[in-house]
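Have a look at the structure below, then the notes.
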Amino acid sequence: MIREKYYCGLDLGAQKIKAGILKVKDAAQMELIGIYEQKTAGFRDGAVSDLGELSDCIHATVHTLLQKTSLKLKEVQLGVGSELIEIREGGTTIPLVDRTSKIITRRDMKKVNDQARLLSLKMDEEILHDLPQQYLVDEVNKALNPGGLYGRKLGVQSLMIFANTNRIRNIMRAVHQAGYEVPNVFFTSYAAGEVALDDADRAQGRVLIDIGAMATSVLLFEDNILRRLKKIEIGGDAFTRRIAEQLNLPLDLAEEIKRSYAATLEAYHSSDEEILVKRDSAYKPVKGKDICAAIEPRIRELLENIRNVLREFGVLDDLETGIVMTGGGSLLTGLIERVSQATRHPARLARMNVASARSPGNAALFAGVVGLAKSGFKQSLRYALSPDGHWRANLASRFRELYHEYF
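Going by this note's numbering, the letters in the sequence shown line up with residues 290 to 696, in that order.
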């Protein structure tokens, strides 16, 4: 009988902190059994601003979810946003033999990958994701998987996602202080692709746009890997601040108005519909078209940036399967349509490709945290022995590699 395991994702966002738990039997049998979120405290501008506050916030979020699901877990799969990451491409080439050639093994691939990481990594950074884009055998033969080929030299080109070591350590300290361990740290937008995209999306070419509070991440998946990644320094918080500035409102009220009344479609810009907002001790009417007009400059700036990124990726005029959008900012009324118009590609909100005991609400809001839990499961597979006695085959394969390495 297959033993069920549980994985808890913890998505640390600038506005909200979310926890979500997956029940996993195997890679084909996963079920979302619970999600919980609350307002983030003790975390500002991508850094811990109050260790105690953040620790209490993490504990309250995870503990509440565990109570709701009647589970006891000690590990969380931590996810961080785009404000904490840096993106770089790197590569290198290593010699395999002095003369003739040899069969390339997994050890050779690991060696060249390690060397590329070492050359790209700065002293104050740690790597979250190392994504080899292609290998080059003898500087002429391109391969996604060169294992088993003959060659004298092996090169690699990789896309790498880094984070500042001390920032990550401070966040992990808050998690530890809350009573939980952190086996893995992931970039949340990348993890969201685990549940927002299916195998066909990843193979044929799909763009994932994650609009967070502080920034927007644009990811291009193709050939079953992440090919390109770019950050745009505009997020949902930029719309909130425009409403607050233009209508002279406090940020909390502006955020509430944005979620409930802001829209990006032209039809809303001429609407004379009014809403009543409380300022001080009195209520004052605000026209819907004034709310839309307040955010329109930043909307246009975001759309232009998205177009430029897709042009840089080389897919503005040639994208096989369109655009999927996640993150709280993607829920702004009319934004999906505006993105589709600006890019001339079909766009839709994310749908999660995992079963759920009950509806989690809008999948675009929770794809990240569920993706973190799934990423934790996939990472665990890298360290697990193959079932059904396949360790013998693995051992035989290892002996073959050693033979090719030295003979």
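We treat Cβ as the ideally placed atom computed from N, Cα and C, and that holds for glycine.
Proximal residues to Leu591 (C-beta, below 6 Å), its chain only, five neighbours per side dropped: Taking the sequence shown and counting its residues from 1, the one referred to as residue 591 is at position 302. Ile523.
Neighbourhood of Asn537 by C-beta, 6 Å cutoff - its chain only, sequence neighbours within 5 removed: If you number the sequence shown from 1, residue 537 lands on position 248. None.
Status (buried if at least 16 other CB within 10 Å, exposed otherwise) for Val659: Numbered from its first residue, the sequence shown carries residue 659 at position 370. By the neighbour-count rule (16 or more Cβ atoms within 10 Å), Val659 is buried.
Member of Val313, Cys297, Gly302 and Leu301 whose CA lies at the smallest distance from the CA of Ala644: For the purposes of this step, residue 644 is taken as residue 355 along the sequence shown, with counting starting at 1. When each option's Cα is compared against that of Ala644, the closest is Val313.
Three-way DSSP call (helix, strand, coil) for Gly678 in this model: One-based indexing of the sequence shown puts residue 678 at position 389. A caution first: Gly678 carries a pLDDT of 41, below 50, which makes its placement in the model unreliable, though a value can still be read off. Residue state, collapsed to three classes: coil.
Whole-angstrom distance between Gly611 and Ile546, CA atom to CA atom: Here residue 546 corresponds to residue number 257 of the sequence shown, with the count starting at 1. Here residue 611 corresponds to residue number 322 of the sequence shown, with the count starting at 1. Approximately 30 Å, taken between the alpha carbons.
Bridge partner(s) assigned by DSSP for Cys297: Walking along the sequence shown from the start, residue 297 turns up at place 8. According to DSSP, which records beta bridges pairwise, Cys297 is partnered with Ile310.
Pairwise C-alpha distance: Ser549 and Val566: Within the sequence shown, the letter at position 277 stands for residue 566. Within the sequence shown, the letter at position 260 stands for residue 549. Cα-Cα distance, rounded: 12 Å.
Sequence-distant residues of its chain with Cβ nearer than 7 Å to Gly468 (five each side left out): Taking the sequence shown and counting its residues from 1, one reaches residue 468 at position 179. Around Gly468: His348.
Nearest-angstrom Cα separation, counted from Gly650 out to Glu483: As a working mapping, residue 483 is identified with position 194 in the sequence shown. As a working mapping, residue 650 is identified with position 361 in the sequence shown. Near 18 Å, if we compare the C-alpha coordinates of Gly650 and Glu483.
Local conformation of Gly623 per DSSP, three classes: Working through the sequence shown from its first residue, we reach residue 623 at position 334. Reduced to three states, the DSSP call for Gly623 is coil.
contact_flag[the stretch 380 to 396, the stretch 346 to 362] where n(CB pairs < 8 Å) is 3 or more: no
Inter-stretch contact (C-beta, 8 Å, three-pair minimum) for the stretch 427 to 434 and the stretch 466 to 481: no
Closest by C-alpha distance to Gly617, when choosing among Glu544, Gly577, Leu670 and Lys400: Stepping through the sequence shown from its first residue, residue 617 is reached at position 328. Comparing Cα positions, the closest option is Glu544.
For Pro435, the three-state DSSP class (helix, strand or coil): In the sequence shown, residue 435 corresponds to position 146, counting from 1. Reduced to three states, the DSSP call for Pro435 is coil.
Residues of its chain near Arg517, where Cβ-Cβ distance is below 6 Å and the 5 sequence neighbours each way are ignored: Locating residue 517 in the sequence shown gives position 228, where the first residue counts as 1. Closer than 6 Å at Cβ, skipping near neighbours: Leu509 and Phe602.
Beta strand (DSSP E) segment containing Leu638, residue limits: Position 349 of the sequence shown, counting from 1, holds the residue named residue 638. Residues Ala636 to Leu638.
Thr477 to Ser371 span [Cα, whole Å]: Numbered from 1 along the sequence shown, position 188 holds the residue referred to as residue 477. Numbered from 1 along the sequence shown, position 82 holds the residue referred to as residue 371. Thr477 and Ser371: Cα-Cα distance of roughly 8 Å.
Alpha-carbon spacing of Gln304 relative to Asp606, whole angstroms: As a first step, residue 304 must be located in the sequence shown, where it is residue number 15. As a first step, residue 606 must be located in the sequence shown, where it is residue number 317. Going from the Cα of Gln304 to the Cα of Asp606 covers about 35 Å.
Sufficient close CB pairs (3 or more, under 8 Å) joining the stretch 447 to 459 to the stretch 620 to 629: no
Buried or exposed by the 16-neighbour rule on C-beta atoms within 10 Å, applied to Ser570: Counted from its first residue, the sequence shown places residue 570 at position 281. Burial call: exposed.
Through-space distance from Val575 to Arg458, alpha-carbon basis: In the sequence shown, counting from the first residue as 1, residue 458 sits at position 169. In the sequence shown, counting from the first residue as 1, residue 575 sits at position 286. Each residue's Cα considered, the two are about 45 Å apart.
Nearest-angstrom Cα separation, counted from Ala646 out to Lys442: Working through the sequence shown from its first residue, we reach residue 442 at position 153. Working through the sequence shown from its first residue, we reach residue 646 at position 357. For Lys442 and Ala646, the distance between alpha carbons rounds to 51 Å.
C-alpha distance - Asp579 paired with Arg587, whole-angstrom precision: By one-based count along the sequence shown, residue 579 stands at place 290. By one-based count along the sequence shown, residue 587 stands at place 298. Roughly 14 Å between the two C-alpha positions.
Where the beta strand (DSSP E) through Thr615 begins and ends: As a working note, residue 615 is residue 326 in the sequence shown. First-last of the beta strand (DSSP E) with Thr615: Ile612 to Thr615.
Uninterrupted beta strand (DSSP E) stretches inside the stretch 503 to 561 (no shorter than 3 residues): 505 to 511 and 514 to 521
Cβ pair Ala551, Ile532 closer than 8 Å: In the sequence shown, residue 551 corresponds to position 262, counting from 1. In the sequence shown, residue 532 corresponds to position 243, counting from 1. In contact: Ala551 and Ile532 (Cβ atoms closer than 8 Å).
Local conformation of Arg596 per DSSP, three classes: As a first step, residue 596 must be located in the sequence shown, where it is residue number 307. Arg596: helix per DSSP, three-state reduction.
Proximity below 8 Å, CB of Gly665 to CB of Gly323: As a working note, residue 665 is residue 376 in the sequence shown. As a working note, residue 323 is residue 34 in the sequence shown. Not a contact, by the Cβ cut-off of 8 Å.
Residues near Glu378 by beta carbon distance below 6 Å, same chain, minus five either side: One-based indexing of the sequence shown puts residue 378 at position 89. Same-chain partners within the cutoff: Leu448.
Beta-carbon proximity list for Ser338, same chain, < 7 Å, skipping 5 on both sides: Along the sequence shown, read from residue 1 onward, the residue named residue 338 stands at position 49. Around Ser338: Gly331 and Phe332.
Cβ shell of Glu293 (< 6 Å), same chain only, five flanking positions each side left out: For the purposes of this step, residue 293 is identified with residue 4 of the sequence shown, where counting begins at 1. Result list for Glu293: Lys312 and Lys314, in chain order.
Closest residue to Glu375 among His634, Asp403, Lys667 and Ser506 (Cα-Cα distance): What you label residue 375 is simply residue 86 of the sequence shown in a count that begins at 1. Residue Ser506 is the option with its Cα nearest to Glu375.
Endpoints, beta strand (DSSP E) assigned at Lys573: One-based indexing of the sequence shown puts residue 573 at position 284. Run containing Lys573: Ala571 to Lys576, per the beta strand (DSSP E) assignment.
Reference Asn642; option with closest CA among Lys663, Glu626, Gln366 and Ala636: As a first step, residue 642 must be located in the sequence shown, where it is residue number 353. The option with the nearest alpha carbon to Asn642 is Lys663.
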